[in-house]
Amino acid sequence: MSAVIDAAGLGKRYGRKWALTECTLEIPSGHVVGLVGPNGAGKSTLLNLAVGLLSPTAGTINVLGEEPASSPEQLGRVGFVAQDTPTFSALSVADHLRLGAHLNPTWDHTVAEARIDQLGLDPNQKAGKLSGGQQAQLALTLAVAKRPQLLILDEPVASLDPLARREFLQILMETVAEDAVSVVLSSHLVADLERVCDYLIVLVASRVQLAGPVEELLAQHHRLIGERRDPATLPSNQEVIESSHTERQSTILIRTTDPILDPAWTVEEVGLEDLVLAYMGQAASLARQARPTLGLLT
Amino acid sequence: MIEFHLDTHSGVAPYLQIVQQVRRALKLGLLHEGDQLPTVKEVVARIAINPNTVLKAYRELEHDELVAARPGIGTFVTRTLSDQSLSAHGPLRQELGRWLAKAQRAGLDDESIEALFRDTFRSARERDIA
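Those protein sequence lines, which keep their order, are chains A and B. Going by the numbering used here, the first sequence wraps up at 298, each residue one higher than the last. Going by the numbering used here, the second sequence wraps up at 1130, each residue one higher than the last.
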């Protein structure tokens, strides 16, 4: 199985600010990949690099084995829905399909029309008059009808209400089941990702903090609860991700591939949301430490 | 045909929830030998989950020899988990219904009823073991 996205030392700088640094990733095909991180973490930058809308300042990125947007064939294999699922408000639904047919050599008009029909959209309706959910579905239809091998979606459901969000994910998952397409989608709605993703990338402060198959990540992380203890005294094969302490008790989130033998701990499983938040918190506190203190100690 | 649902706050892995729902339906006689499970596409289109999750659940059920996949057609129930005790379910359910009504009249809320049931269930089991 080849990689859908293969990045090595990838970086992007705007002026003096790095939006993405030292990003090394190998995403295998056949997954629905969730890219999570706070706003401004570099998610959109990474996705825009992957579709060739941006070019790297440092390092390399290959998508489906080739440089992004290096040829019309490469472009045809990648479907992209940009942030806020943009459509042309003055064009009708049917116009959008005609446009898609003209611009994409691999366009499948039967698929496009069937989908519009399934969604119950009026082909003569102007896109600007559609609801947010319908516009998102139209944008997804355009990306899917070109029959891509990889579908990249930047925050596709962020602005949708819960019902529209669920409907969007239903159609997306149906597409994955039907076409065996790989998907990379960014979001900060972890609850949605928990349902649909089987591969996770946590991006914080322009760096990849965590990446891997969800099941593997969940199996490697544990919450230890027990008598108060300095996390530095844990065995070296237990990486401390997050710890909090009360007067008597310590709660420590660790990553390890080995069994936990110390009987003093109560060991709990960790959910995906807790995992994501722990890595975000860890990165945020490291960033705070790295910043010079300005005499704010009280 | 069985319809699945997903509780994302249960802490139970999604694939396991599907496995459990099939097993429960087999136990309660809601699924019979020969019944077809929904296709992967039908499940994901309904509850918006990753297709691999459904595949994994079906593989596990296959491994337990409860279902069998017929390529190109679908996945079918091959064995049931209900037994002769199924005929006793009706009267027991009625009795339990009456008991629940009694508990509610006595002022127990849902939480207390559940706690009481669990506690009684556990001590009865412990008695059996001892």
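Note that CB positions come from ideal geometry on N, CA and C, so glycine has one too.
- By the criterion of at least three beta-carbon pairs nearer than 8 Å, the segment 138 to 150 of chain A is in contact with the segment 95 to 108 of chain A.
- Inter-segment contact for the segment 82 to 95 of chain A and the segment 124 to 135 of chain A is present: three or more beta-carbon pairs are separated by less than 8 Å.
- Assigned with DSSP and collapsed to three states, A:Gln249 falls in strand.
- Listed along chain B, the residues sitting closer than 7 Å to A:Ala177 by beta-carbon distance are Val1040, Lys1041, Val1044, Pro1051.
- Here B:Leu1092 is exposed. Its C-beta has fewer than 16 other C-beta atoms within 10 Å.
- Ranked by Cα distance from A:Arg207, the first of A:Val4, A:Glu178, A:Ala232, A:Leu286 is A:Leu286.
- For B:Ala1069, the pairing in a beta bridge is given by DSSP as B:Thr1075.
- The beta carbons of B:Val1040 and A:Ala177 sit about 5 Å from each other, so the pair counts as a contact at 8 Å.
- A direct Cα-to-Cα measurement between A:Cys23 and A:Ser29 gives close to 18 Å.
- DSSP places B:Leu1016 within a helical segment (H, G or I) once states are collapsed to three.
- CA-to-CA, the gap between A:Val276 and A:Asp230 works out to about 23 Å.
- Runs of alpha helix (DSSP H) with 4 or more residues, each lying fully within the segment 1049 to 1123 of chain B, are found at 1051 to 1063, 1086 to 1105, listed in chain order.
- At a C-beta separation below 7 Å, B:Thr1008 has these neighbours in chain A: Ala191, Glu194, Arg195.
- B:Gly1011 belongs to the set of residues whose beta carbon lies under 8 Å from a beta carbon in chain A.
- DSSP places A:Leu153 inside the beta strand (DSSP E), whose first and last residues are 150 to 154.
- Judged by DSSP secondary structure, A:Leu185 falls within the beta strand (DSSP E) whose first and last residues are 182 to 186.
- In the three-state DSSP reduction, A:Gln74 falls in the helix class (H, G or I).
- In the three-state DSSP reduction, A:Gly226 falls in the strand class (E or B).
- Ranked by how close their Cα comes to the Cα of A:Ala139, the residues A:Val81, A:Ala278, A:Leu151, A:Leu163 have A:Val81 in first place.
- Look at A:Glu155: its C-beta is not under 8 Å from any C-beta on chain B.
- In the DSSP assignment, A:Asp198 falls outside any alpha helix (DSSP H) and carries neither an H nor an E.
- For A:Lys146, the three-state secondary structure derived from DSSP is coil.
- In the three-state scheme derived from DSSP, where H, G and I count as helix and E and B as strand, A:Leu210 is classed as strand.
- Cα atoms of A:Ala284 and A:Ala278: separation of roughly 10 Å, rounded to the nearest angstrom.
- Within the segment 30 to 48 of chain A, the residues whose Cβ lies closer than 7 Å to any Cβ of chain B are, in chain order, Val32.
- Buried is the label assigned to A:Lys43, since at least 16 other Cβ atoms lie within 10 Å of its Cβ.
- Shown here for A:Leu75: same chain residues with a beta carbon closer than 6 Å to its own, the five before and five after excluded, namely Ala69 in chain order.
- The bridge partners DSSP lists for A:Leu35 are A:Ser186, A:Ile201.
- For A:Phe88, the secondary structure class from DSSP, reduced to helix, strand or coil, is coil.
- Ranked by how close their Cα comes to the Cα of A:Leu189, the residues A:Ser55, A:Gly34, A:Tyr199 have A:Gly34 in first place.
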